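Engineer:
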Amino acid sequence: MSKRTLAILAAIGATTIYGINHTIAKGVMPTYVESFGFIFLRVTGAALLFWLISFWGPKEKIEKKDWLRILVCSILGMVINMLSFFKGLQLSTPINSSVLVTVSPIIVVIMSAFLLKERITLNKGLGVFLGFVGAIGLIMFGAEVRQDAPNIPLGNFLFVVNATSYGAYLIVVKKLIEKYHPFTLMKWLFTIAVIINLPLTWHEVVEIEWSTIPPWAMGSIAFVVIGTTFLTYLFNAFALTQVKASTIGAFMYVQPLVGIIFAIFTGKDHLTLIKVIATSFVLVGVYLASKKPKPHIG
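Residue numbers (numbering that gives the first Met the number 0): 0 to 297.
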């Protein structure tokens, strides 16, 4: 099996885990763990795991000129991205989150145009427009009265912040992935994230009453730390060594399908007409924005 095939399988694995995560993480918050407290558990657990496996990787030293980029990547990928997503998930619903995070490929297209001077084709421009129509539709008209979703419009807006931050992370981290082994890079990114997130999350960490958490909730927390954090970032880091950031981003449109099916199957969410229409706009938009243009002949 080629490295590119393995990279594509890794990207599919990551997006599948993300899709399931929307419902699993939501089930624990805020009863057992608040959103920001969850983030501290995520980054700390992942940092420890990456340091542990780094002993089996190459011994690399980070060049001085790369530390600023590493800091920016950590802020985008392990601070803003995670905090906005989990706070949004606490305020909104699993289906909304699984749909809105897929605007990341659209963000990648826009940022690539500005930062990397990539040309935006008609298809990509239309995709960007449709994706944002769907996202705005969910933010403005997707409100429901639900006890487990106290502020759906704000939560939906935070999902867009999350997607924007993650899209920027995929672009900025690409040069580092090409230069350093994933084990080396991830251990430093998550270590920096632990330090930055500590003052923002500690007040919710100390409120966790571990003795009252049932086994199923502990299993959910372990899934989020090991699966959604450690494995997905490892999978995506490996995938980025073989394929473009925009390709990784394109796999995210599988995420809402997994997220919606899992949420409905477990009875944690339901479809509404607004969700169906907005999801259609987002998915078509992501498809068009991610589609490779046909080579010009003649």
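We treat Cβ as the ideally placed atom computed from N, Cα and C, and that holds for glycine. Predicted model only: the values in this text are computed from it and were never measured.
1. Please report the straight-line C-alpha distance between Ser210 and Phe131, rounded to a whole angstrom.
2. Could you give the distance in angstroms between the alpha-carbon of His295 and the alpha-carbon of Ile105?
3. For Ala24, which residues of its own chain have a beta-carbon under 8 Å away from its beta-carbon, when the five flanking residues on both sides are left out?
4. Comparing the CB of Ile273 with every heavy atom of the ligand ZN, is any distance shorter than 7 Å?
5. Below 8 Å between beta carbons: does that hold for Met110 and Gly166?
6. My assumption, with CB atoms under 8 Å, is that Leu75 sits in contact with Tyr168. Please give the rounded CB distance.
7. Are at least three pairs of beta-carbons, each pair with one atom in the segment 36 to 52 and one in the segment 90 to 101, less than 8 Å apart?
8. In whole angstroms, give me the CA-to-CA distance for Leu199 and Val78.
9. Alpha carbon to alpha carbon, what distance is there between Ile212 and Gly124?
10. Tell me which residue opens and which closes the alpha helix (DSSP H) that Trp55 is part of.
11. Rounded to a whole number of angstroms, what is the C-alpha to C-alpha distance between Thr15 and Val257?
12. Could you give the C-beta distance for Ala9 and Phe189, rounded to a whole number, given that I count them as a contact under 8 Å?
13. Here's a check: name, in chain order, each residue in its chain whose Cβ is nearer than 7 Å to the Cβ of Tyr17, leaving out the five neighbours to either side.
14. Terminal residues of the continuous alpha helix (DSSP H) containing Gln254?
15. For the alpha helix (DSSP H) that Ala202 lies in, which residues bound it at each end?
16. Check whether the Cβ atoms of Arg68 and Val171 sit closer than 8 Å, and answer yes or no.
17. For the segment 42 to 113, which segments carrying the alpha helix (DSSP H) assignment without a break, of at least 4 residues, lie completely within its bounds, in sequence order?
18. Would you mind sorting Ala192 into buried or exposed? The rule is 16 or more other CB atoms within 10 Å of its CB.
19. So Thr278 packs on Thr22, CB below 8 Å; how close in whole Å?
20. Taking the alpha helix (DSSP H) that Tyr232 belongs to, which residues open and close that run?
21. Ends of the alpha helix (DSSP H) at Trp215?
22. When you compare only the Cα positions, how much space is there between Ile259 and Lys63?
23. When you compare only the Cα positions, how much space is there between Pro149 and Leu175?
24. For Gly297, does the count of other Cβ atoms within 10 angstroms reach 16, so buried, or fall short, so exposed?
25. Less than 8 Å between the CB atoms is what I'm expecting for Asn196 and Ser91, so what's the real figure, rounded?
26. Measuring straight from C-alpha to C-alpha, what distance separates Thr120 and Lys243?
27. Just to confirm, are Lys186 and Ala13 a CB contact at a threshold of 8 Å?
28. Please check the pair Gly126 and Gly284, which I expect to be a contact at CB under 8 Å, by giving their CB distance rounded to whole angstroms.
Structural biologist: Per the coordinate set shown:
1. Translated into the one-based positions of the sequence shown, residue 210 becomes position 211. Translated into the one-based positions of the sequence shown, residue 131 becomes position 132. When rounded, the distance between both Cα atoms is 44 Å.
2. Position 296 of the sequence shown, counted from the start, is the residue given in the question as residue 295. Position 106 of the sequence shown, counted from the start, is the residue given in the question as residue 105. Per-residue confidence for His295 stands at a pLDDT of 45, beneath the threshold of 50, marking its modelled position as unreliable; no derived number is given.
3. Start at 1 with the first residue of the sequence shown, and residue 24 comes out as number 25. These residues qualify, in order along the chain: Phe37, Phe85, Leu88, Ser219, Val223 and Thr227.
4. As far as ligands go, the structure on display features none, and thus does not contain the ligand ZN.
5. One-based indexing of the sequence shown puts residue 110 at position 111. One-based indexing of the sequence shown puts residue 166 at position 167. Their beta carbons are under 8 Å apart, which means Met110 touches Gly166 by this criterion.
6. Position 76 of the sequence shown, counting from 1, holds the residue named residue 75. Position 169 of the sequence shown, counting from 1, holds the residue named residue 168. Their Cβ separation, rounded to whole angstroms, is 4 Å, which keeps Leu75 and Tyr168 in contact under 8 Å.
7. Counting Cβ pairs under 8 Å, fewer than three are found: no touch.
8. Within the sequence shown, the letter at position 200 stands for residue 199. Within the sequence shown, the letter at position 79 stands for residue 78. Spanning the two alpha carbons is a distance of roughly 10 Å.
9. Translated into the one-based positions of the sequence shown, residue 124 becomes position 125. Translated into the one-based positions of the sequence shown, residue 212 becomes position 213. For Gly124 and Ile212, the distance between alpha carbons rounds to 48 Å.
10. Counted from its first residue, the sequence shown places residue 55 at position 56. Neither: Trp55 is in no alpha helix (DSSP H) and is coded neither H nor E.
11. Position 16 of the sequence shown, counting from 1, holds the residue named residue 15. Position 258 of the sequence shown, counting from 1, holds the residue named residue 257. The straight-line gap from Cα to Cα measures roughly 6 Å.
12. Taking the first residue of the sequence shown as position 1, residue 9 is located at position 10. Taking the first residue of the sequence shown as position 1, residue 189 is located at position 190. Not a contact, Cβ separation roughly 18 Å.
13. The residue you call residue 17 lines up with position 18 of the sequence shown. Thr227, Thr231 and Gln254.
14. Locating residue 254 in the sequence shown gives position 255, where the first residue counts as 1. Note, Gln254: alpha helix (DSSP H), Gln254 to Phe264.
15. Within the sequence shown, residue 202 is the residue found at index 203, counting from 1. First, the residue type needs correcting, since residue 202 is His and not Ala in the sequence shown. Per DSSP, His202 belongs to the alpha helix (DSSP H) from Pro181 to Val204.
16. The sequence position of residue 68 within the sequence shown is 69, counting from 1. The sequence position of residue 171 within the sequence shown is 172, counting from 1. Yes; because the gap between Cβ atoms is below 8 Å, this pair is in contact.
17. 66 to 73, 80 to 90 and 93 to 99
18. In the sequence shown, residue 192 corresponds to position 193, counting from 1. So Ala192 ends up on the buried side.
19. Within the sequence shown, the letter at position 279 stands for residue 278. Within the sequence shown, the letter at position 23 stands for residue 22. About 16 Å; that fails the 8 Å criterion.
20. Translated into the one-based positions of the sequence shown, residue 232 becomes position 233. Segment Thr231 to Leu239, the alpha helix (DSSP H) holding Tyr232.
21. Indexing the sequence shown from 1 puts residue 215 at position 216. Counted as a single uninterrupted DSSP element, the alpha helix (DSSP H) harbouring Trp215 occupies residues Pro214 to Ala221.
22. By 1-based counting over the sequence shown, the position of residue 259 is 260. By 1-based counting over the sequence shown, the position of residue 63 is 64. Each residue's alpha carbon lies about 44 Å from the other.
23. Walking along the sequence shown from the start, residue 149 turns up at place 150. Walking along the sequence shown from the start, residue 175 turns up at place 176. It is roughly 39 Å from the alpha-carbon of Pro149 to the alpha-carbon of Leu175.
24. Looking up residue 297 in the sequence shown gives position 298. Low per-residue confidence applies at Gly297: pLDDT is 42, beneath 50, and the placement is therefore not dependable enough to give any value.
25. The count along the sequence shown starts at 1 and reaches residue 196 at position 197. The count along the sequence shown starts at 1 and reaches residue 91 at position 92. 21 Å between Cβ atoms; not a contact.
26. Stepping through the sequence shown from its first residue, residue 120 is reached at position 121. Stepping through the sequence shown from its first residue, residue 243 is reached at position 244. When rounded, the distance between both Cα atoms is 18 Å.
27. Position 187 of the sequence shown, counted from the start, is the residue given in the question as residue 186. Position 14 of the sequence shown, counted from the start, is the residue given in the question as residue 13. Cβ atoms of Lys186 and Ala13: not closer than 8 Å.
28. As a first step, residue 126 is located in the sequence shown; it is residue number 127 there, counting from the start. As a first step, residue 284 is located in the sequence shown; it is residue number 285 there, counting from the start. Between Gly126 and Gly284 a beta carbon distance of about 5 Å is seen, short of the 8 Å cut, so the two are scored as contacting.
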